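Student: Counted from 1, the sequence shown has number 187 at position 155 by our numbering; the numbering is strictly sequential.
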Amino acid sequence: MKNRQDDDYVKENQFEPLQPAANFAKTAQVNDDSLYREAKKDRLAFWAKMADNLTWNNKWERILDDDNPPYYKWFTNGKLNVSENFLDIHIKNGLGDKKALIFEGEKGDSLALTYKQLLEEVCKFSNVLTKLGIKKGDTITIWMPMIPEAIIAMLGCTRIGAIHSVVFGGFSPEALKDRILDSKSKLVVTADGANRRGKVIPMRSAADQVLDQCPGVEKVVIVNRTGTSYNSKSGRDLSWSELMADADHNFEPVTMDAEDPLFILYSSGTTGKPKGILHTTGGYLVGVKTTFRYVFDHREDDLYWCTADIGWITGHSYIVYGPLSNGSSTFIYEGTPDYPGRDRFWELIEKYQVTVFYTAPTAIRSFMRWGDQYVDMRDLSSLRLLGSVGEPINPEAWLWYHEHIGKGKCPIVDTWWQTETGMIMITPLPGVTPLKPGSASWAFPGIEVDVFDDNGNPTEAGQRGFLVIKSPWPAMLRTLHGDPERFENTYWQQYPGFYFTGDGAWKDQDGYLWIMGRVDDVLNVSGHRIGTMEVESALVEHPSAAEAAVIGKVHEIKGHAITAFVTLKEGYEGSEELVQELKSHVGKKIGAIARPEEIFFTYELPKTRSGKIMRRLLRDIAEQRDLGDVTTLMDPQVVASIKEGYTEK
Ligand code: PRX
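Written out as structure tokens, the structure is:
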């Protein structure tokens with residue numbers, strides 16, 4: 033299978049663009065170029081019009097304040113409350129009995145909450161938070177499985193103006209600790225355990241190892257999901273269900289400024305320390321509401337399913353904020369696609385009559401490998417639109433998705449965006465854009481992107497360069513929590529005045545963008561961002577490791593597989609046991625997704641004369657390519673010996 037964006041493969045296989053089907057376009061939210069034209073004529077007026085789709089307690093004074101770049105502000109002095117926009121206002125508009133959230137657990141248990149019921153739960157949790165001393169501007173950490181309580185907790189925060197920091201449930205307690213400390217969270221919401229492939233993964237007792245090292249955490253609220261026991265710390269640990277049982281189901285939403293922080297979400301960068309990406313209230317909501325409506329072609333009767341975890345930005349923007357701000361019905365599933373059978377996702381689509389399905393290329397490649405029989409067992413005729421996110425989708429996977437899941441009738445929206453962008457930035461509009469398998473097509477209306485060369489000039493068609501965003505957009509990150517300098521250096525220094533995405537890309541002669549993936553030391557493993565430095569730092573914390581270099585080796589299913597080269601300290605011998613020990617050490621420090629697939633011991637790492645590790649060479653060795661230029665190496669002999677060791681494996 034050809035994986036990722038192999039340029040030559042794409043260029044040799046130029047498919048005829050697939051025109052939107054007439055019957056889809058006829059009823060679509062947009063079926064002509066009017067939105068693009070309107071946004072092009074006056075970008076800010078376009079965003080102001082989109083902002084009018086929200087309910088504001090006080091109208092904003094300025095659409096965009098660009099007086100102090102890169103610290104842009106949107107809808108200045110506008111006042112609103114997020115949960116009021118999601119719940120109270122939809123209920124007032126007659127959607128009270130519509131299902132807001134539909135959940136199925138791994139064991140087949142299910143729950144549906146209407147907008148009215150969701151409002152009650154959210155208000156109760158707002159009261160719980162308030163009773164526990166949480167106020168507007170405080171940060172709380174949410175470390176949970178994919179269960180409705182996670183969403184109720186997020187929305188409860190928005191109602192009182194607290195900032196949430198959701199940490200992916202699959203991250204290790206160590207990673208949780210770093211994020212709790214960095215965000216200065218006062219309260220943590222977690223569960224006793226999570227159901228995973230028929231087993232119970234303890235969460236609360238696992239967190240025990242680190243909660244005592246977080247002195248700022250005053251309270252821990254624990255959802256009883258699996259009945260797993262743990263040692264409760266009296267005065268600090270509290271039961272979700274007991275607190276909720278006593279809570280009142282009314283709570284007046286707190287008015288927020290458009291620029292008040294809404295959430296922090298940690299994401300990997302090129303250093304060992306994750307970045308706390310900060311999003312604010314008004315602009316973020318305008319961005320996700322607008323993109324959800326047009327990209328997923330929102331319809332009253334849709335049942336929308338995004339398979340991401342709420343611990344990632346996709347879960348924030350397109351499980352919670354985008355769908356609920358539009359009054360849609362959003363489906364969440366607790367488990368994995370292969371348990372109890374490899375038809376689990378298709379079974380759920382059939383059972384609940386899902387109409388819009390949004391997933392990641394890595395999952396699609398797994399489905400392909402498992403075989404068509406699992407798909408063919410189920411009736412997928414309810415589907416009308418498919419989406420892809422997280423990494424470049426290789427044309428073969430795109431075509432399989434189109435034929436086998438979409439049965440040739442569902443458009444696919446390949447959506448490019450980032451934790452930092454908050455909202456989808458490059459995407460087809462399903463009723464408008466002719467689709468080229470493997471290309472995310474072009475920018476969403478009101479968004480301006482380009483591909484620049486090293487000197488900051490736009491590239492010619494076919495020429496590779498760096499993807500940049502040319503002007504501010506409403507859902508943009510505002511800063512990195514506690515580290516404005518890193519914010520400026522990472523995104524705004526490369527091309528002053530433009531946002532640097534960290535992705536490589538090229539445009540074709542029709543203006544379609546082909547994203548090639550990260551150009552920095554960030555890996556994309558199964559659609560998740562992991563910094564090479566994060567894994568390297570974890571490795572060298574082990575007593576045996578002197579130095580480590582981590583690269584992403586192209587992997588058929590995952591996109592990248594983590595491969596580590598490690599030099600050992602005096603007195604340690606490389607062995608299979610040590611490989612296993614180092615792998616679990618990384619798993620413990622960061623989480624299972626960061627566990628290296630392969631570890632190689634080497635007596636030295638290839639470095640430039642200035643001491644920088646040449647990861648490119650290691651990647652070439654791992655992928656068994658010719659080594660190219662090694663003349664800048666301090667000791668070219670090192671490469672030869674690593675290569676020898678690698679080939680012997
Ligand atoms: O490299 C791009 C890739 O994922 C990165 C962003 O990762 P993260 O912040 O974790 O957010 C993932 C979900 C939005 C980007 O810099 N990426 C994401 N979507 C695509 C993509 N690459 C190509 N095509 C996409 N559709």
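Ideal Cβ placement from N, Cα and C applies to all residues, glycine included.
All figures in this text were calculated on a predicted structure; none of them were measured in a lab.
#1: Can you tell me whether R657 is buried or exposed? The criterion is at least 16 other CB atoms within 10 Å of its CB, across all chains shown.
#2: Is D446 a contact residue of ligand 1, with contact defined as CB to any heavy atom under 7 Å?
#3: Can you list, in chain order, the residues of its chain whose CB lies under 6 Å from that of I396, leaving out five sequence neighbours each side?
#4: Rounded to whole angstroms, what's the CA-CA distance from N35 to P424? Just pull it up for me.
#5: Would you say L571 and V598 are within 8 Å of each other, going by their C-beta atoms?
#6: Candidates M646, Y604, V557: which alpha carbon is nearest S300's?
#7: Quickly, what does DSSP pair Y353 with across the bridge? List them, please.
#8: Could you have a look at C442 and say whether DSSP puts it in helix, strand or coil?
#9: Could you give the DSSP three-state label for A132: helix, strand or coil?
#10: Hey, would you say the C-beta of G419 is under 7 Å away from at least one heavy atom of ligand 1?
#11: Would you mind sorting K163 into buried or exposed? The rule is 16 or more other CB atoms within 10 Å of its CB.
#12: Roughly how many whole angstroms lie between the Cα atoms of K675 and A626?
#13: Pairing CB atoms from the region 635–649 with CB atoms from the region 212–229, are three or more of them under 8 Å?
#14: Are the CB atoms of S473 and T459 nearer to each other than 8 Å?
#15: Going straight from the alpha carbon of I547 to that of D280, what length do you get?
#16: Could you compute how far the alpha carbon of C338 sits from the alpha carbon of V388?
#17: Are the CB atoms of A80 and K441 within a distance shorter than 8 Å?
#18: Any chance you could list the beta strand (DSSP E) runs of at least 3 consecutive residues sitting entirely within the region 463–543, in chain order?
#19: Return the bridge partner residues of C338 from the DSSP annotation.
#20: Can you give me the C-alpha to C-alpha distance between P306 and P516, rounded to a whole angstrom?
#21: Compare the Cα-Cα distances from G169 to each of E291, C246, C155, V483 and report the closest residue.
#22: From this set, L614, V154, V582, which residue's C-alpha is nearest T595's C-alpha?
#23: Please list, in chain order, all residues of the same chain as Y353 whose beta carbon is under 6 Å from its beta carbon, the five residues on each side excluded.
#24: Below 6 Å CB to CB, which residues in the same chain sit around R376 once its five sequence neighbours on both sides are set aside?
#25: Residues in the same chain with beta-carbon distance under 7 Å from L119, minus the five sequence neighbours each way, listed in chain order, please.
#26: Under the rule that 16 or more other beta-carbon atoms within 10 Å means buried, what is A624, buried or exposed?
#27: Span of the beta strand (DSSP E) holding R331?
#28: Hey, out of L600, H348, V232, K601, whose CA is closest to Q450's CA?
#29: Taking Cβ positions, are E366 and N487 nearer each other than 8 Å?
#30: Identify whether P628 lies in helix, strand or coil by the three-state DSSP scheme.
#31: Under 8 Å by Cβ, that's how I've got G536 and R496 pegged, so tell me the actual separation to the nearest angstrom.
#32: What does the Cβ neighbour count give for G314, buried or exposed, with the cut at 16 atoms within 10 Å?
#33: Contact between the region 254–268 and the region 192–212 is defined here as three or more beta-carbon pairs at a separation below 8 Å; is this criterion met?
#34: Please report the straight-line C-alpha distance between M455 and A507, rounded to a whole angstrom.
#35: Using 7 Å as the cut-off, classify the Cβ of W344 as near or not near the heavy atoms of ligand 1, replying yes or no.
#36: Along the beta strand (DSSP E) that carries P293, what are the first and last residues, could you check?
Tutor: Put simply:
#1: exposed
#2: yes
#3: A429, Y433
#4: In this prediction, N35 scores a pLDDT of 42, lower than 50, which makes its location untrustworthy; no coordinate-derived value is stated.
#5: yes
#6: V557
#7: Looking at the DSSP assignment, Y353 forms no beta bridge with any residue, so it has no partner.
#8: coil
#9: strand
#10: no
#11: exposed
#12: 24 Å
#13: no
#14: yes
#15: 49 Å
#16: 8 Å
#17: no
#18: 481–484, 497–501, 531–539
#19: Y390
#20: 14 Å
#21: E291
#22: V582
#23: V320
#24: P369
#25: Y147, L150, L151, V154
#26: exposed
#27: Careful: R331 lies outside any beta strand (DSSP E) and carries neither H nor E.
#28: H348
#29: no
#30: coil
#31: 6 Å
#32: buried
#33: no
#34: 6 Å
#35: yes
#36: 293–299
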